[in-house]
Structure formats: structure tokens, C-alpha cells
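Trainee: Residue numbers (the numbering used here): 17 to 298.
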């Protein structure tokens, strides 16, 4: 039995080659399918050059386990979480290494209703099955299917449900740094909605095009050395604020109008206040 060191406490992350490759991805798909026995699973991948082949191998494993696969294409982790819940499917898997170095990739796994799968909620069981690699022969009569779909419009519709255009009473400049990751297509669609609503917001896009070579560095705004481009854009455009995303845009980082980085605990407090105002408690 081969030990798979790419399995971590909350997700799968490994160095490309020995730790994570297409064979391992296939085995993860088979193990996920045999452990959870899902009817349908949605998959997606970030912009890394290895994400597409790893995703295909993962899908092959899922299909060989009898699972139908819905592929949403280039996506962020939040899109997979949304798609899993919105489509009412049995699980979701995002192929991503988030903000890790170029020579890494990984996966984030959820089950129905986008409930995370971590070490104590099934990930260790999936690891064991993948390591044992003793899967039943493929039954071609029960093999799953693969279908490509888009959930972008539905996802952005959901996001816009948090926006009240009545609050935009003056022109605003907003710097958005996608870090050449997977956020760009969502930002473009959000911008279209603002334009259609006549909201006076100017989107200033930095490192916007998805590029798995990451020509401007790994998108990890947690690191001070990865913040300068966003801060410079805020200063140069005299923007009201800046937002920088990591590679799979499950995290964003904010800058004020003076290009100062806003620590995450302040954002958590603001978000908590906003959601409490929108929620009726009994």
C-alpha cells in the first residue's frame, strides 16, 4: 500500500509528481465515489496548468465508480461550493492549490449541501481507499457520464442578492486584483450588473487575465510582498478601495483609500454586522 502524503487535515495538497499526479487524482475520484456513493458530483479547477489534466483524471475515477460528473470548467472554490448546494448534487470537488507555490496542486472536497469533508468527516476514509487502490472492476453498464455546464450567471445572481444599489449615491473607484487567478470572469460579470443598474462604480482591474504561469507572482495577498501592486494601483488611480484575491478566490483582502492593508479581523467584524442586519433572529 502506497502512502499518499498529499492528504492533509482539511484538504488535499501536494507537490506535483510523486505526491500528486494523474494516477493519484484518478484514485481519489474512485475512492470518493466508492466511499460516498454519490449519484452526481460537480467538479471545477483553478487556473494552474496542471488543474485541467488532474480534473480530467479525477472525473474518470468518479465515472468509473458510477458517478455522473458535472464540470463547471475554470472556477474558484466558492463556485464549487455554490454549485454543489444550488444544483442539489451529492458533492463537489475543486482542483486547486490556492496560494501555494507553482509546483503544487490539490483538491478541496465537499459532500451534499457543500458540507466540507475533512479528516474526521470522511477525508481519512477516502485516503485509506485511495492508498489501498483495490477498487472493484469497472462496470461499463453503470459507468457515470461527464457533462460540461456553466453556473456563472446563477452564481452572480446569488452574489448580487447582497447588493443594494440604493447605497451607491456617489461615484466610486474600485481596484480589483485577481492575481491572474480564477476570479476574473466573475468580476467581469459583476461589473456588467453594476453598469446595467447604472451604479457609478469604476472597476480598475489589475492582473486580471487568468494565467497559470502566474507572471506577476503567486496570488497570496497574505504576504506583505504580494500586496504592493494592489496598493500602487489604489494610489495611482486615487481609488476609494482595493480588493485582492488569492488564486481560487475563496479569500479576498482589502485596502482602504490610502492604500493601507486592512487586517482580516476588521473585515470579519464588518461582515458579521452586515449579515446580522439582514437576518431576523427569533
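By construction, the Cβ of each residue, glycine as well, lies at the ideal position given by its N, Cα and C atoms.
Keep in mind the model is a prediction, meaning the values are calculated, not measured.
For residue 59 and residue 253, I'd like the C-alpha separation in whole angstroms.
Mentor: Those two C-alpha atoms are separated by around 38 Å.
Trainee: Is residue 255 helix, strand or coil when you go by DSSP?
Mentor: coil
Trainee: Are the CB atoms of residue 191 and residue 283 within a distance shorter than 8 Å?
Mentor: no
Trainee: Could you check what DSSP says for residue 243 in three-state terms: helix, strand or coil?
Mentor: coil
Trainee: Which residues in the same chain have their Cβ closer than 6 Å to the Cβ of residue 250, if we skip the five residues on either side of it in sequence?
Mentor: 191, 258, 271 and 275
Trainee: In or out: residue 27 buried (at least 16 other Cβ within 10 Å) or exposed?
Mentor: buried
Trainee: Could you tell me the alpha carbon to alpha carbon distance between residue 307 and residue 113, rounded to whole angstroms?
Mentor: It is not possible to answer for residue 307, since the shown part of the chain is limited to 17 through 298.
Trainee: Hey, residue 302 and residue 206: beta-carbon distance below 8 Å or not?
Mentor: Limits of the chain in this structure are 17 at one end and 298 at the other, which puts residue 302 out of reach.
Trainee: Compute the beta-carbon to beta-carbon distance between residue 110 and residue 227, rounded to the nearest angstrom, for a pair I have assumed lies under 8 Å.
Mentor: No, residue 110 and residue 227 are not in contact; Cβ-Cβ is about 19 Å, not under 8 Å.
Trainee: Please report the residue range of the alpha helix (DSSP H) in which residue 186 lies.
Mentor: Looking at the DSSP string, residue 186 is not in any alpha helix (DSSP H), and its letter there is neither H nor E.
Trainee: What did DSSP end up calling residue 69 once you bin it into helix, strand or coil?
Mentor: Assigned with DSSP and collapsed to three states, residue 69 falls in helix.
Trainee: For residue 66, count the other beta carbons within 10 Å of its own beta carbon; 16 or more makes it buried, fewer makes it exposed. Which is it?
Mentor: buried
Trainee: Can you tell me whether residue 27 is helix, strand or coil according to DSSP?
Mentor: coil
Trainee: Using a Cβ-Cβ cut-off of 7 Å (strictly less than) and excluding sequence neighbours within five positions of residue 43, which residues of its own chain qualify?
Mentor: 77, 146 and 149
Trainee: In whole angstroms, what is the alpha-carbon distance linking residue 203 and residue 120?
Mentor: 26 Å
Trainee: According to DSSP, what are the bridge partners of residue 197?
Mentor: None; residue 197 has no bridge partner.
Trainee: So for residue 100, helix, strand or coil by DSSP?
Mentor: helix
Trainee: Tell me residue 132's beta-bridge partners as DSSP assigns them.
Mentor: Answer is 126, bridged to residue 132.
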